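Read the structure below first, then the notes.
There are 2 protein chains.
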Amino acid sequence: MSATYRVSGMTCGGCARSVESAIKAAAPEVETVTVDLEAGTVTVAGAVPQEVIAGAVEDAGFDCDGLVS
Amino acid sequence: MSATYRVSGMTCGGCARSVESAIKAAAPEVETVTVDLEAGTVTVAGAVPQEVIAGAVEDAGFDCDGLVS
Numbered sequence: 001m002s003a004t005y006r007v008s009g010m011t012c013g014g015c016a017r018s019v020e021s022a023i024k025a026a027a028p029e030v031e032t033v034t035v036d037l038e039a040g041t042v043t044v045a046g047a048v049p050q051e052v053i054a055g056a057v058e059d060a061g062f063d064c065d066g067l068v069s
Numbered sequence: 001m002s003a004t005y006r007v008s009g010m011t012c013g014g015c016a017r018s019v020e021s022a023i024k025a026a027a028p029e030v031e032t033v034t035v036d037l038e039a040g041t042v043t044v045a046g047a048v049p050q051e052v053i054a055g056a057v058e059d060a061g062f063d064c065d066g067l068v069s
């Protein structure tokens with residue numbers, strides 16, 4: 001199970017690493033986090049509630065604009 | 001009261017904002033967070049234990065290398 005979120009505000013590899021790390025810290029049950037900087041998306045593999053992902057992204061200073069439909 | 005930490009891995013304004021946001025999320029009692037990207041330092045105003053700051057920085061995907069002496 002995986003879900004792809006729109007995340008804005010990521011501009012470099014450091015930002016991407018930050019989002020990945022924040023999600024893993026907030027939800028250790030996440031299997032993988034894949035950031036696509038150009039697309040502005042983050043794909044999370046693992047059964048984690050959407051609000052947990054959104055909260056981690058927002059706490060890390062980026063905007064989570066929901067799921068890519 | 002303020003303390004200045006060495007933080008490595010920040011390369012752009014998005015990284016700086018991420019560190020600031022992560023610290024404020026982990027320690028709401030923090031008054032201000034000032035990032036100096038070129039120097040690789042983060043100054044935190046407010047009485048917050050060093051390990052709380054370091055933990056927030058590390059969870060956000062950056063390395064906290066302790067206080068600037």
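Protein sequence lines, in the order shown, are assigned to chains V and W.
Number 52 in full-length UniProt numbering belongs to position 52 of the first sequence; there are no gaps in the numbering.
Number 24 in full-length UniProt numbering belongs to position 24 of the second sequence; there are no gaps in the numbering.
Glycine is no exception: its CB is placed at the ideal position from the N, C-alpha and C atoms.
Note that this is a predicted model, so its numbers are computed, not measured.
Could you tell me how far apart the beta carbons of Ile-23/W and Ala-47/W are, in whole angstroms, since I believe they sit closer than 8 Å? Position 23 of the second sequence, counted from the start, is the residue given in the question as residue 23/W. Position 47 of the second sequence, counted from the start, is the residue given in the question as residue 47/W. Incorrect: roughly 14 Å between the Cβ atoms, too far for contact.
Who are the near neighbours of Val-68/W in its chain, counting only those whose CB is closer than 8 Å to its CB and skipping five residues on each side? Residue mapping note: residue 68/W aligns to position 68 of the second sequence, counting from 1. Thr-4, Tyr-5, Arg-6, Thr-41, listed in sequence order.
Please state the DSSP three-state secondary structure of Cys-15/V. Position 15 of the first sequence, counted from the first residue, corresponds to residue 15/V. In the structure shown, Cys-15/V sits in a helix (DSSP, three-state: H, G or I).
Can you list the residues of chain V that Asp-65/W reaches, using a CB-CB cut of under 7 Å? Counting from 1 along the second sequence, the entry for residue 65/W is found at position 65. The premise fails here: Asp-65/W is roughly 16 Å from chain V at the closest Cβ pair, so nothing lies under 7 Å.
Whose C-beta lies closer than 6 Å to the C-beta of Ala-16/W among residues of the same chain, with five residues either side of it excluded? Residue mapping note: residue 16/W aligns to position 16 of the second sequence, counting from 1. Taken in chain order, the residues that qualify are Met-10, Val-35, Leu-37.
Closer than 8 Å to chain V by CB, Gly-46/W: Position 46 of the second sequence, counted from the first residue, corresponds to residue 46/W. Cβ-Cβ to chain V under 8 Å: no for Gly-46/W.
Run down chain W in chain order and give the residues with a C-beta less than 7 Å from the C-beta of Ser-2/V. Counted from its first residue, the first sequence places residue 2/V at position 2. Near Ser-2/V there are no residues of chain W at all, since even the closest Cβ is about 21 Å away, more than 7 Å.
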